[in-house]
Amino acid sequence: MNKKLIVVPFVITAAICAGIMYSKYDGSEALSKAYGNVDIRQSSLAFERSGRIVKLNFDEGQKVKKDEILAVLDTEALNYQIQINEANMRQAKASLDEMVRGYRTEDIKQAGANVKRLEDNLKLATVTNERYQKLYRARSVSAQEKDNAFYSMTQIKAQLDEASAKYKQMLKGYRVEDIEKAQAQYDGAVAEVNYLNYQKNEQSVIKAPFDGVIRTRKSELGDMASPQSTVYELSVIDKKRVRVYLTEKQLPLVKVGAKAYISGVDDNKVEGNVAYISDTAMFTPKTVQTEDLRPDLVYEVRVDTNDPENRLRLGQSVTVEFSENK
4 MNKKLIVVPF VITAAICAGI MYSKYDGSEA LSKAYGNVDI RQSSLAFERS GRIVKLNFDE
64 GQKVKKDEIL AVLDTEALNY QIQINEANMR QAKASLDEMV RGYRTEDIKQ AGANVKRLED
124 NLKLATVTNE RYQKLYRARS VSAQEKDNAF YSMTQIKAQL DEASAKYKQM LKGYRVEDIE
184 KAQAQYDGAV AEVNYLNYQK NEQSVIKAPF DGVIRTRKSE LGDMASPQST VYELSVIDKK
244 RVRVYLTEKQ LPLVKVGAKA YISGVDDNKV EGNVAYISDT AMFTPKTVQT EDLRPDLVYE
304 VRVDTNDPEN RLRLGQSVTV EFSENK
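Quick note on the working numbering: the sequence shown kicks off at 4 and runs consecutively.
Below, the structure is given as structure tokens:
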């Protein structure tokens with residue numbers, strides 16, 4: 004009889020303690036946890052121009068640093084185009100420099116001497132024409148001879164007008180419009196060379212846009228590539244994002260900026276921070292694995308974390324514990 008009296012209080016006490024422990028760990032502890040997945044953040048890398056692949060420097064699973072060259076296209080045809088356009092550029096530069104400097108002193112002197120010579124010739128032709136006019140009126144020369152003298156004078160006068168105009172232009176230098184035209188031709192030639200070099204040095208190579216790991220290599224040496232064909236898929240491995248889902252009961256307990264601890268298949272935890280909490284309810288995604296039945300509506304939360312040791316795998320199911328209840 005005494006044994007029964009002793010056992011009953013002990014059972015009651017144990018039941019009360021179990022209830023307290025259940026309330027503590029099934030309540031606040033459960034509210035501090037959320038479930039989700041590590042985002043698969045990757046970039047599909049392709050060339051900016053079409054061509055044949057001659058270099059693939061990395062394979063699947065290898066880590067790369069930002070700006071490392073991953074792949075290269077054949078650029079032999081571009082090299083020839085660059086040489087041709089560089090020659091055109093030098094020619095355009097020489098023409099521009101000539102116009103900017105103006106005419107040579109020797110050329111100006113020669114043009115002036117030509118004007119003086121034609122002026123003397125015109126004086127002689129004018130005198131000859133007048134003489135033939137008088138002789139024709141005296142019927143001493145034929146009409147043909149008179150006309151020849153007149154047209155000779157006219158031709159020399161036209162030559163003098165042309166030479167005088169050229170001499171005046173040489174004294175003034177090239178027109179502003181001509182210099183601007185030469186400048187535009189040179190600028191166009193430079194731009195063409197720069198564009199070809201850009202095609203060679205930038206569009207014909209694939210550089211890593213960030214530190215990451217090669218997730219997929221989709222091309223082989225000798226393949227014809229185009230801007231529409233992916234060569235590599237590069238994944239982010241250190242700065243990761245985890246998306247988890249909170250119930251309405253959990254929502255007031257988690258704030259943006261709060262610390263969070265992410266765990267996967269093992270007990271090692273990676274620290275992160277709450278970066279975003281959705282203000283719109285949604286049905287729980289089917290991919291989320293929870294310890295209990297899913298509630299009908301949840302709120303998406305994004306946790307950002309640095310994972311240089313790559314402990315969290317992309318797409319992995321994870322559990323997140325928030326610091327308010329730690």
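Where a beta carbon is used, it is the ideal one built from N, C-alpha and C, also for glycine.
Quick check on DSSP: helix, strand or coil for residue i?
i    : result
Q45  : strand
I240 : coil
L254 : helix
D100 : helix
Q319 : coil
V259 : coil
K68  : coil
R93  : helix
E205 : helix
D269 : coil
E312 : coil
Just to confirm, is the Cβ distance from residue i to residue j under 8 Å?
i    : j    : result
K36  : V216 : no
K171 : L125 : no
M92  : A185 : no
E51  : P255 : no
R44  : V301 : no
V208 : V75  : yes
L163 : E122 : yes
L73  : N60  : yes
F325 : V257 : yes
R218 : L237 : yes
Y279 : V245 : no
S98  : T233 : no
G260 : N276 : yes
A128 : S155 : yes
V67  : R316 : no
G64  : V247 : no
G115 : G176 : no
K332 : Q136 : Outside the modelled stretch of the chain, which goes from 4 to 329, sits residue 332, for which no answer is possible.
K96  : Y189 : yes
D77  : R55  : yes
N200 : I85  : yes
N117 : E195 : no
E71  : A211 : yes
V321 : S266 : yes
D181 : M102 : yes
K262 : E251 : no
DSSP puts residue i in a beta bridge; with which residues?
i    : result
Y264 : E274, E324
L59  : A74
R246 : N40, R305
G191 : According to DSSP, which records beta bridges pairwise, G191 is partnered with nothing at all.
A284 : Y302
M227 : R55
Y235 : L48, R220
Y279 : R305
Assuming residue i is part of the beta strand (DSSP E), what are its boundary residues?
i    : result
G215 : 215 to 220
V304 : 300 to 309
V208 : 208 to 210
Got a sec, what are the start and stop residues for the alpha helix (DSSP H) residue i sits in?
i    : result
K126 : 108 to 140
S155 : 146 to 175
Check whether the segment 232 to 249 touches the segment 302 to 312, taking contact to mean three or more Cβ pairs, one atom from each stretch, closer than 8 Å.
Judged by Cβ distances under 8 Å, the segment 232 to 249 makes contact with the segment 302 to 312, as three or more pairs qualify.
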